[in-house]
Structures are given as C-alpha cells and as structure tokens.
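Below is one structure, written out as structure tokens; comments come after it.
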Amino acid sequence: AEERQRLEQEMHIARLIQQTLLPKSVPGLPGYEVAAYYQPARQVGGDFYDFLPLPDGQLGLIVGDVSGKGVPAALVMAITRTMLQATYRLGSPGEILEQVNNSLYQDIPPNMYVTCLAALLDSRTGRLQYANAGHDLPYLRHADGVSKLRATGMPLGLMPGMGYEQKEITLMPGDSLLLYSDGLVEAHDPQREMFGFPRVQGFVGAHPGGATLIDSLLAELGRFTGEVWEQEDDITLVTLQRARS
C-alpha cells in the first residue's frame with residue numbers, strides 16, 4: 039500500500055510537471071481567435087501543443103503526438119517540445135522538422151517516434167506555411183467548403199536525413215483551421231465504431247472555428263462514446279480562426 043501510494047504521488051507530480059510544459063494560455067493575436075484543448079488518457083501523456091510568438095506578428099503553431107502512452111511518451115514529449123522551441127526561430131517549418139528529426143533520432147529509443155504538424159502564421163497577411171511529420175491532416179474551413187492540408191514527411195525520430203515537404207496557404211477572413219491528434223478520430227463507441235475522419239470533417243464544415251468548434255466536437259464525442267467510455271488515447275485540439283473583416 040505504501041509503495042502504491044508513493045507511485046501515485048510520483049505520477050501526480052509528473053502530471054503537474056507536464057502541465058507546466060503546455061501553454062498557460064492561448065495567444066491574444068489581433069484579428070484571430072485561437073483556442074486549445076488537451077486531455078491525456080492517463081495521468082501523463084504523449085500529446086503536446088505549443089504557440090510560439092515571433093517577431094513581426096508571426097506565430098508558430100505545433101501539435102504533436104508521441105507513440106505510446108504514459109511516462110515514456112511524456113519524457114519524449116518533453117524532449118521534442120524543447121527541441122522544437124529551440125529551433126523555431128532558425129528556419130521555416132520544413133527546415134525545423136528536419137533539424138529536430140536528426141537530433142531526436144539520436145536521443146530516443148528505436149521503437150519510438152513523434153508525429154508533428156508545424157506551422158508558421160503571418161498574422162498581417164494570413165499566410166500560413168506548414169510542414170507535416172506523419173501527423174493527421176489539419177482541416178481548413180473556407181468559403182468553398184472544407185479542405186485537408188496535405189504535406190508529406192516521415193514521423194520524427196524514425197530515420198535521420200529525412201526531408202519535409204512545406205506548403206503554404208492564405209487564411210482569408212472567416213477561414214478557420216483545426217489541428218488535432220488521433221485520440222479524437224480513433225475514439226470508439228460501445229459497438230467499437232470509430233469516431234472517424236468524415237465525422238470530424240463534417241463538424242468543421244458545420245461549425246464556426248475557435249472555442250465553439252472545440253466545444254461542439256467534445257459534446258458530440260461524449261454522445262458518440264457514451265457515459266461509460268474509457269478514454270483510449272490522448273486528445274489534443276487546436277483551432278485558429280481569422281476574423282471576418
């Protein structure tokens with residue numbers, strides 16, 4: 039009993055430490071609404087997100103997911119987040135992922151990896167550059183519907199010397215973006231049906247961005263999984279919406 043109590047206390051401290059690594063608040067970016075949600079499946083988890091205010095109205099956005107759960111994933115999450123923060127001022131999203139991949143490959147066990155979406159927003163123009171290291175594709179809601187933002191790249195830490203495709207879009211007034219982790223789409227109902235990508239895409243198209251979209255998604259997830267659902271994986275949601283002019 040004493041050993042169990044000690045382990046529980048250590049896990050509680052680990053959770054507090056991990057919470058300090060996540061953003062304390064969302065950035066107040068003129069002309070944009072930013073919202074985020076994070077819920078680990080266990081006391082500590084491998085998901086992470088970050089906002090990095092940069093000069094000249096630029097904002098870095100990161101969403102990542104470490105393979106596995108619990109303490110090992112949390113440790114790799116902390117390492118990866120630190121590396122990303124240290125390199126984000128040194129290049130574009132594709133270059134940043136390339137640098138972090140090469141460093142991370144040397145520092146984590148061979149059976150672990152990190153999926154990550156890195157983006158850089160110029161809030162003055164709405165230009166959004168992004169690169170993807172094997173992460174679930176973001177959804178963009180715009181005047182003509184909903185699109186997936188595609189960019190190819192291997193998860194971080196698997197193999198050194200990888201390149202990461204970088205793409206660019208312009209967020210127009212009223213456009214909104216959803217970044218998320220696979221704990222959302224891979225949640226199951228009591229009959230083992232997955233929440234799934236089509237359901238998420240439909241919600242992005244039917245709801246405004248920002249906190250409203252997150253609240254709607256979480257409410258639908260609760261209805262879908264039922265009251266006795268045991269969360270299977272970490273869930274992270276980040277939304278970015280450009281205000282209508």
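Each residue of the sequence shown is one higher than the last, beginning at 39 in the working numbering.
We put the CB at the ideal spot given by N, CA and C, even for glycine.
Being a predicted model, the structure only gives us computed values, none of them experimental.
**Report entry** Segment contact flag, the region 94-103 with the region 262-270, C-beta cutoff 8 Å, min 3 pairs
**Finding:** The region 94-103 is not in contact with the region 262-270.
Requested in this report: Let me know the secondary structure DSSP gives Y126 once reduced to three states.
Outcome: Helix.
Query raised in the report: How many angstroms separate the CA atom of Y164 from the CA atom of L178?
Result: Reading the sequence as shown, one finds Gly at residue 164 and not Tyr. Going from the Cα of G164 to the Cα of L178 covers about 13 Å.
Query raised in the report: In three-state DSSP terms, what is F89?
Result: It is a strand residue.
Report task. Please name the residue or residues paired with L275 in a DSSP beta bridge. Result -> Per DSSP, the beta-bridge partners of L275 are Y75 and Y218.
Requested in this report: Please check the pair A74 and V82, which I expect to be a contact at CB under 8 Å, by giving their CB distance rounded to whole angstroms.
Outcome: The Cβ separation is near 18 Å, so there is no contact.
Query raised in the report: Any idea what DSSP makes of G98, helix, strand or coil?
Result: Of the three classes helix, strand and coil, the one that applies to G98 here is strand, per DSSP.
Query raised in the report: Residues in its own chain within less than 7 Å of Y70 by CB, not counting five upstream and five downstream?
Result: Around Y70: S161, L278, Q279, R280 and A281.
**Report entry** Delimiting residues of the beta strand (DSSP E) encompassing T163
**Finding:** If you look at T163, you'll find it isn't in any beta strand (DSSP E); DSSP assigns it neither H nor E.
Report task. Consult DSSP for N170 and reduce its assignment to one of helix, strand or coil. Result -> In the three-state reduction of the DSSP assignment, N170 falls in the strand class, which pools E and B.
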